[in-house]
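Presented below is the structure to which this report refers.
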Amino acid sequence: MSALTQLGDSRELLANLTLREVRGKYKRTALGQVWSLINPLAMMLIYTAVFGQVLRVTIPPGNPSGLHLFALWLVCALLPWNFMSNAMTGGMSSLVGNANLIKKVYFPRQVLVAATVLSWDVTFLTEMGVLTAVLLAFGGMPLPWLPLVVVFMAFLTLFALGLGLALSVANVYFRDTQHLVGIVMQIWFYATPIVYPISYVHKEAVKLHDKGWNIPVEFMYRLNPMERFVEVFRSLMYDNRWPALGDALYCIGAGIVSVVIGYWLFARFEGRMAEEL
Amino acid sequence: MSDSVIVVDGVSKRFRLYHQRNQSIKAALMRGGRAKYEEFWALKDVSFEVPEGSMFGLMGVNGSGKSTMLNCIAKILRPDKGTIATRGKFSALLELGSGFHPELSGRENIYLNGSILGLSKRELEARFDEIVDFAGVEQFIDQPVKNYSSGMYVRLGFSVAINVDPDVLLVDEVLAVGDAAFQEKCMEKFAEFRRAGKTVVVVSHAMGTMRTLCDRVAWLDAGRLVEVGRPDELIDRYIDEGHVQRGDADGGSRWGSGEGALTSVAFVDAAGAPTTKLRTGDEATIRLTYETRQRIDKPVFGLAIETLEGVYVWASNTRDADYVPDCIEGSGTVEFHIPRLMLLPGTFDISASIVDFSTVHVYDFRRHCYRFDVDHGTPRESGGLVSLGGAWRNLTSGSATADRAVQSLESGS
């Protein structure tokens, strides 16, 4: 793929644009990069209060880690979700946001999307680092699993990059895309077992089956690649065990397929980009 | 061709002019699919080659497609037909400082913009001082660029772009930035570029700059290539053609009640043929040809000369010259004879008129109806608009030897 080699040739540009994103994100804020930790912390507190305390979502204890804390269980899935959501929507708006650059200078345009995704990777890495420390403090042992965590972070990055590439060109031609995606992300969030365990879906499926509805609810539910990613990250970080092989392969496949299709769409539609912006 | 850095082959570029643009899915659905648009071909089957080491100009009136062409060469726009083959590293000065992030410092932006333009970190470090020095922003290099003045902003943008050290530089009308000193620095940089055997492609309206800078120019008109050739020939033709367009078609340039009309205004040579090329010191004649629809009593003919910049150089009319006939009827001519043309080299426009004796009522006024060039002749004077035909004399000096030298100077001349 020439697009990939092109991306390789512009490594330095990619690095510089990523730095620009990272530095620009919290410029002129008193707390600076600390904001990237406050946001997930706030979300964690809100979801823990609502789903852990008020709605009393019951979660299985970590096996074999022995952890049993809703907030930690939640964050192990929330951080990958936040990354995917931010990286994808950020990548989507990166072309429109840099219209002045695209219209005046030639450089491989996919770098803009990739830089935005990578800038969120920086945030993701920091968050995961802090989470590791917290898990250790509460008696978990995620350290041996960290190399695998990084591998799956890479595939999640590919997954978000592919979606970002496809949506970024769509957004150039139809500005509605970004608003539509806002709604889709809300649905997607609740369609992924982040604030509740997948056993709840199983219960619902059994109920439906007893009523005579023969819908493969669980099968459909598990088609969602984010469901698999969330399971994998939870296995590694919260439970401290090997993820299910099927889930792991599904994640790898989803990352590769997403990036291939994303690139293909991007390459197809980038030609008239400068005049459409 | 191995010595061409850019080969443009049969390039066409189409733009879509949307009547109501579908930038929303709703609008797309409501209108049943495609938005209505008209096609507009900004470039039609253009082919030319840019030889290595040349200064190549693209000229044409507004909307002739020259900027579109430059954008296609810079790969910002993709042609719909044809190919553009390029060789070497390109840098485009289309809009300066467009890649700057306002919140980041000048230093950070140099690295950022440099890498967008294709420089590696090591190359940037090596040229960093030169870039800052050229832009003249040493003091402010660690300030966010949003605090820069617009001049500093543009200078820094130019400085980064020119220090990319490209093989081919694409320039779009950006020479009009900065103060005189900075412009001079830019010109020097271009000269340096050419000495190093690099290629520059420039789009400009400034015909004077094009004439002195370029080795070759391509003339585009309404998206088609008219011709590629030497700048002096093409620019003359371009200006000539420009004046045809500016003539009668251009409503503001001719007015009057029409009882009498000037059918032609021209410099004529000894044989009576019209000419637009004259030399300083030439004997010259301006001939006015008129036609009247009815008898005109005591008409006054007038002539004026202006430079292209609009400086009013000279005027004369038959009333002030006391050369007014009782009447004219039908058609005829009148001439203004110039024994020695005292204009120095340049391009000038003639305006001509017929008015009544009070000079209040205008029968016909033709503004800028004839353009002519004056070339070097005798007397050869250093510069300005007019020749005074004078001579240097009466040099005095304190020493006797110098006095003798002065005498020999005067007897020699």
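Keeping their order, the protein sequence lines are chains X and E. Here the first sequence is numbered in the working numbering, starting from 27 and rising by one per residue. Here the second sequence is numbered in the working numbering, starting from 943 and rising by one per residue. Just so it is clear, CB atoms sit at the ideal spot from N, CA and C, and this is done for glycine as well. What you are looking at is a predicted structure, and each value in this text was computed from that prediction instead of being measured.
Whole angstroms are fine: how far does the CA of residue j sit from the CA of residue i?
{"i": "Y1265 of chain E", "j": "I1292 of chain E", "result": "20 angstroms"}
{"i": "T158 of chain X", "j": "M263 of chain X", "result": "8 angstroms"}
{"i": "V1102 of chain E", "j": "N1055 of chain E", "result": "7 angstroms"}
{"i": "T1343 of chain E", "j": "Y1312 of chain E", "result": "54 angstroms"}
{"i": "G1193 of chain E", "j": "F1307 of chain E", "result": "Summary for G1193 of chain E: the model assigns pLDDT 36, below 50, so the residue's position carries little reliability, and this model does not support an answer."}
{"i": "F133 of chain X", "j": "G1041 of chain E", "result": "11 angstroms"}
{"i": "L249 of chain X", "j": "R260 of chain X", "result": "18 angstroms"}
{"i": "M246 of chain X", "j": "V160 of chain X", "result": "34 angstroms"}
{"i": "K229 of chain X", "j": "A75 of chain X", "result": "24 angstroms"}
{"i": "K1023 of chain E", "j": "R1029 of chain E", "result": "20 angstroms"}
{"i": "L121 of chain X", "j": "M299 of chain X", "result": "9 angstroms"}
{"i": "G1340 of chain E", "j": "R1346 of chain E", "result": "11 angstroms"}
{"i": "H1185 of chain E", "j": "I1026 of chain E", "result": "Low per-residue confidence applies at H1185 of chain E: pLDDT is 43, beneath 50, and the placement is therefore not dependable enough to give any value."}
{"i": "G1099 of chain E", "j": "V947 of chain E", "result": "25 angstroms"}
{"i": "I1247 of chain E", "j": "Y1254 of chain E", "result": "6 angstroms"}
{"i": "V258 of chain X", "j": "L43 of chain X", "result": "31 angstroms"}
{"i": "I287 of chain X", "j": "L189 of chain X", "result": "9 angstroms"}
{"i": "C1128 of chain E", "j": "V949 of chain E", "result": "27 angstroms"}
{"i": "K1219 of chain E", "j": "E1225 of chain E", "result": "12 angstroms"}
{"i": "D265 of chain X", "j": "V156 of chain X", "result": "17 angstroms"}
{"i": "S1366 of chain E", "j": "D987 of chain E", "result": "Residue 1366 of chain E is absent from the model: chain E starts at 943 and stops at 1355."}
{"i": "D1317 of chain E", "j": "V131 of chain X", "result": "42 angstroms"}
{"i": "K237 of chain X", "j": "V243 of chain X", "result": "13 angstroms"}
{"i": "S62 of chain X", "j": "T152 of chain X", "result": "8 angstroms"}
{"i": "F181 of chain X", "j": "F1032 of chain E", "result": "35 angstroms"}
{"i": "L105 of chain X", "j": "S36 of chain X", "result": "29 angstroms"}
{"i": "G1244 of chain E", "j": "G1214 of chain E", "result": "21 angstroms"}
{"i": "L191 of chain X", "j": "V283 of chain X", "result": "13 angstroms"}
{"i": "F957 of chain E", "j": "K129 of chain X", "result": "15 angstroms"}
{"i": "E1175 of chain E", "j": "P993 of chain E", "result": "19 angstroms"}
{"i": "R46 of chain X", "j": "L187 of chain X", "result": "18 angstroms"}
Would you mind telling me which residues of chain X sit closer than 8 angstroms to residue i, beta carbon to beta carbon, in chain order?
{"i": "Y1053 of chain E", "result": "N42"}
Thinking C-alpha only, which one of the options is nearest residue i?
{"i": "A172 of chain X", "options": "X:L291, X:P87, X:C102", "result": "Contrary to the premise, residue 172 of chain X reads as Leu rather than Ala in this sequence. Comparing Cα-Cα distances from L172 of chain X to each of X:L291, X:P87, X:C102, the minimum goes to X:C102."}
{"i": "Q1081 of chain E", "options": "E:R956, E:S1047, E:V1113", "result": "E:S1047"}
{"i": "D951 of chain E", "options": "E:E1037, E:A984, E:E991", "result": "E:E991"}
{"i": "K51 of chain X", "options": "X:G78, X:W146, X:V80, X:R37", "result": "X:W146"}
{"i": "F303 of chain X", "options": "X:F200, X:Q59, X:L45", "result": "First, the residue type needs correcting, since residue 303 of chain X is Leu and not Phe in the sequence shown. Measuring from the Cα of L303 of chain X, the nearest candidate turns out to be X:F200."}
{"i": "A1133 of chain E", "options": "E:D1157, E:D1114, E:L1245", "result": "E:D1157"}
{"i": "V285 of chain X", "options": "X:G117, X:H205, X:M154", "result": "X:G117"}
{"i": "R1282 of chain E", "options": "E:S1329, E:V1304, E:P1241, E:V1242", "result": "E:S1329"}
{"i": "D1298 of chain E", "options": "E:A984, E:R1229, E:E1201", "result": "E:E1201"}
{"i": "M1001 of chain E", "options": "E:V1210, E:P1216, E:V1144", "result": "E:V1144"}
Mind checking residue i: buried by the 16 CB within 10 Å criterion, or exposed?
{"i": "T1260 of chain E", "result": "buried"}
{"i": "S225 of chain X", "result": "exposed"}
{"i": "W107 of chain X", "result": "buried"}
{"i": "N124 of chain X", "result": "buried"}
{"i": "P1108 of chain E", "result": "buried"}
{"i": "L71 of chain X", "result": "exposed"}
{"i": "N1105 of chain E", "result": "buried"}
{"i": "K1008 of chain E", "result": "buried"}
{"i": "K53 of chain X", "result": "exposed"}
{"i": "Y216 of chain X", "result": "exposed"}
{"i": "H1310 of chain E", "result": "buried"}
{"i": "N1336 of chain E", "result": "exposed"}
{"i": "I68 of chain X", "result": "Correcting the residue type first, residue 68 of chain X is Ala in the shown sequence and not Ile. Its Cβ having fewer than 16 others within 10 Å, A68 of chain X is exposed."}
Residue i versus chain E: which residues are under 8 angstroms apart at the beta carbon?
{"i": "Y132 of chain X", "result": "A1016, K1017, I1018, F1032, A1034"}
{"i": "G297 of chain X", "result": "R1020"}
Cβ closer than 7 angstroms: which chain X residues qualify as neighbours of residue i?
{"i": "E1045 of chain E", "result": "G50, K53, R54"}
{"i": "G1041 of chain E", "result": "L127, V131"}
{"i": "F957 of chain E", "result": "E301"}
{"i": "K1063 of chain E", "result": "E38"}
{"i": "S1360 of chain E", "result": "Residue 1360 of chain E lies beyond the stretch modelled for chain E, which goes from 943 to 1355, so this question has no answer here."}
{"i": "E1037 of chain E", "result": "K130"}
Which chain E residues sit within Cβ distance under 9 angstroms of residue i?
{"i": "A231 of chain X", "result": "Within chain E, no residue comes near A231 of chain X; the closest Cβ sits about 34 angstroms away, beyond 9 angstroms."}
If you measure from the beta carbon of residue i to each beta carbon in chain C, is any gap under 8 angstroms?
{"i": "L39 of chain X", "result": "Absent from the structure: chain C. Protein chains present are X and E."}
Would you say residue i touches the ligand FMN, meaning its beta carbon is less than 7 angstroms from a heavy atom?
{"i": "E1065 of chain E", "result": "This structure lacks the ligand FMN, and indeed carries no ligand of any kind."}
Please list, in chain order, the chain E residues whose beta carbon lies closer than 7 angstroms to that of residue i.
{"i": "R254 of chain X", "result": "The contacting residues do not exist; R254 of chain X stays about 30 angstroms from chain E at best."}
**Message:** Suppose only complete runs of 4+ residues qualify. What are the alpha helix (DSSP H) ranges in the segment 180-251 of chain X, listed by chain order?
**Reply:** Assignment of alpha helix (DSSP H) within the segment 180-251 of chain X, counting only whole runs of 4 or more residues, yields 202-216, 225-236, 243-247 in chain order.
**Item:** Whole runs of the beta strand (DSSP E) within the segment 1253-1341 of chain E, excluding any shorter than 3 residues
**Value:** The beta strand (DSSP E) runs of length 3 or more contained entirely in the segment 1253-1341 of chain E are, from start to end of the chain, 1254-1259, 1273-1280, 1288-1297, 1304-1317.
**Message:** Extract the residue ranges of the beta strand (DSSP E) inside the segment 1040-1120 of chain E, only unbroken runs of 3 or more that lie entirely within it.
**Reply:** If we require 3 residues or more, the beta strand (DSSP E) runs fully inside the segment 1040-1120 of chain E come out as 1110-1114.
**Request:** Counting only runs of 3+ residues fully inside the segment 1201-1225 of chain E, write out the beta strand (DSSP E) ranges in chain order.
**Result:** Unbroken beta strand (DSSP E) runs of no fewer than 3 residues, entirely contained in the segment 1201-1225 of chain E, are found at 1202-1210, 1219-1221, following chain order.
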